[in-house]
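Step one of this worksheet: look at the structure below.
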Amino acid sequence: MPNPSLSLELTRIDAGVSNCIQTVFLSKNDLNDLKRMGYSVIPYRWLFDPITLTQTDRISFYVCRDGVKALSILKKIETLEKNPTSNNVKKMIMLEGRLLGYPKCCISSFSQKKVRGETPEKDVIMDCINHGIFAEVLESFPDPNLPEKSYSLFTMNFYPCKVDCKRALDIGLKLVEFNPKFRYKIVLNVLNLLIPVFDVYERFKQPKTDFGKAVHSFVESLGDLKRKAESIVNEFRSDPLGFEIRYLKRYA
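Note that the working numbering has the sequence shown beginning at 1, numbered continuously upward.
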């Protein structure tokens, strides 16, 4: 079997939520296991990154049930990459979102914010602060005592249009119903969003932006929980993949 993080992520395919998942790293053993299990693995080298809006040579691996369908979408993205206008970047984001089974409202919101130069990641972080998601997950960690709205964060680096988006929540709930251990994956997705929170907090001791001030206020409000949060975040950001695998092997 592939590593436990990848195995849980495959729930999205097995539950019929998506035809594909994306990963930036696959070991040789993972690759052999996936092929033996009947999945197609498609490497794709990006020329233009629609997330950072810069030239790149980043390689993504798409693990798919239907490789032909996935290749068709990736070829359309490849054509758009050659002329990365704002409109084409938006189309690229929409196509990849469709490839990965994300709700249309979420990928539409994300693509529009990106081409306008906004930061959808910050909006999701603010939602997590305001809805108490970070605090509740930290309080119960390592147990997955998850607030309902956290289920919209069903995969890493996915930013729902809002954390209480019904379509995103329905996907998360379906995945947990299909495989109860998927709750541990959601815990990791929430913790991953805490890394930029503490990056901002540590970098700007006297923040001037509204976002920086909100982050600073949130971290200070953690009280005794702050030390636990810092310990988790430091371990996670120093070795993200290792942290995931160790956590899932121990608890999931």
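Glycine is no exception: its CB is placed at the ideal position from the N, C-alpha and C atoms.
Use the C-beta contact count for residue i: other C-beta atoms within 10 angstroms, 16 or more gives buried, fewer gives exposed.
{"i": "glycine 101", "result": "buried"}
{"i": "glutamine 206", "result": "exposed"}
{"i": "proline 301", "result": "This structure cannot speak to residue 301, because the chain is shown only from 1 to 252."}
{"i": "glycine 172", "result": "buried"}
{"i": "serine 231", "result": "exposed"}
{"i": "isoleucine 93", "result": "buried"}
{"i": "leucine 241", "result": "exposed"}
{"i": "threonine 85", "result": "exposed"}
{"i": "aspartate 30", "result": "buried"}
{"i": "phenylalanine 110", "result": "buried"}
{"i": "serine 238", "result": "exposed"}
{"i": "arginine 116", "result": "exposed"}
So, with DSSP's three-state summary, where would you put residue i?
{"i": "serine 266", "result": "Because the chain is modelled from 1 through 252, residue 266 falls outside the range shown and cannot be assessed."}
{"i": "aspartate 164", "result": "coil"}
{"i": "tyrosine 44", "result": "strand"}
{"i": "methionine 251", "result": "The question names methionine, but residue 251 is tyrosine in the sequence shown. Helix at tyrosine 251."}
{"i": "histidine 216", "result": "helix"}
{"i": "glutamate 118", "result": "coil"}
{"i": "proline 4", "result": "helix"}
{"i": "aspartate 14", "result": "helix"}
{"i": "serine 253", "result": "Any property of residue 253 remains undetermined from this structure, which presents the chain solely from 1 to 252."}
When DSSP builds the beta bridges, which residues end up paired with residue i?
{"i": "cysteine 253", "result": "A question about residue 253 goes unanswered here, because the residues of the chain that appear run from 1 up to 252."}
{"i": "glutamine 55", "result": "Phe48"}
Compute the Euclidean distance between the alpha carbons of residue i and residue j, then round it to the nearest angstrom.
{"i": "aspartate 33", "j": "valine 63", "result": "12 Å"}
{"i": "glutamate 81", "j": "aspartate 224", "result": "48 Å"}
{"i": "asparagine 126", "j": "proline 50", "result": "Before going further, note that residue 126 is methionine rather than asparagine in the sequence given. Near 23 Å, if we compare the C-alpha coordinates of proline 50 and methionine 126."}
{"i": "lysine 28", "j": "lysine 213", "result": "45 Å"}
{"i": "cysteine 128", "j": "valine 233", "result": "16 Å"}
{"i": "valine 176", "j": "glycine 16", "result": "13 Å"}
{"i": "lysine 122", "j": "asparagine 157", "result": "12 Å"}
{"i": "phenylalanine 48", "j": "serine 108", "result": "19 Å"}
{"i": "alanine 70", "j": "isoleucine 245", "result": "27 Å"}
{"i": "lysine 35", "j": "serine 221", "result": "48 Å"}
{"i": "arginine 203", "j": "glutamate 235", "result": "18 Å"}
{"i": "valine 163", "j": "asparagine 189", "result": "13 Å"}
{"i": "asparagine 3", "j": "lysine 208", "result": "42 Å"}
{"i": "isoleucine 133", "j": "leucine 193", "result": "11 Å"}
{"i": "valine 200", "j": "histidine 216", "result": "8 Å"}
{"i": "tyrosine 247", "j": "lysine 75", "result": "36 Å"}
{"i": "valine 187", "j": "lysine 91", "result": "31 Å"}
{"i": "glutamate 78", "j": "phenylalanine 243", "result": "33 Å"}
Between residue i and the rest of its own chain, which residues show a CB-CB distance below 8 Å, the 5 nearest in sequence each way excluded?
{"i": "glutamate 139", "result": "Asn145, Leu225"}
{"i": "cysteine 165", "result": "Pro103, Cys105, Cys106, Ser152"}
{"i": "tyrosine 39", "result": "Leu10, Ile13, Val63, Cys64, Arg65"}
Output needed for residue i: all residues of its chain with C-beta closer than 7 Å, excluding positions within five of it in sequence on either side, in chain order.
{"i": "asparagine 88", "result": "Leu80"}
{"i": "arginine 45", "result": "Asp57, Ile59"}
{"i": "lysine 181", "result": "Leu8, Ala252"}
Residues in the same chain with beta-carbon distance under 6 Å from residue i, minus the five sequence neighbours each way, listed in chain order, please.
{"i": "glycine 97", "result": "Ile107"}
Closest Cβ-Cβ distance between residue i and chain B: below 8 Å?
{"i": "tyrosine 39", "result": "Annotation note: the requested chain B is absent from the structure, which comprises a single protein chain."}
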